[in-house]
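Contents: one structure, followed by commentary.
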Amino acid sequence: MTDLITGRMNHFAAIILFTALAACADKPPTTLTGYVESELLYLAPQDAGLIAEVAVREGDRVAAGDLLFRLDPARAGLSAEQAEDAARGAAA
């Protein structure tokens, strides 16, 4: 009787060992194929000037109305007040 129990325990231990070793086996890396679509847009301000600040980085997602860059008002020939008035008018 004890031989039967010992045999079953050995059999059960072998199954557990085999399952544990199978779970630890290295799996090949997953490789996926496909393609990426993108849309390239060229943007320009309405008025010419030097860019004083860039508010976004390459790869950032932007939406309509987001600030992308700011022109230097002194270089564009505008006073600070005129630039603020233009910004208020654009936001309205």
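105 is the number of the first residue of the sequence shown in this note's numbering; add one for each residue after it. The C-beta atom is built at its ideal place from N, Cα and C for all residues, glycine as well.
- Per DSSP, reduced to three states, the secondary structure at residue 174 is strand.
- Annotated three-state conformation of residue 195 is helix, per DSSP.
- At the C-beta level, residue 187 and residue 177 come within 8 Å of one another.
- In the assembly as shown, residue 136 is an exposed residue. Its beta-carbon has fewer than 16 other beta-carbons within 10 Å.
- Annotated three-state conformation of residue 162 is coil, per DSSP.
- Beta bridge pairing from DSSP links residue 155 with 175.
- Contact annotation: residue 160 and residue 172 have beta-carbon atoms nearer than 8 Å.
- Of the residues assessed, residue 175 falls on the buried side of the cut-off, its CB having 16 or more other CB atoms within 10 angstroms.
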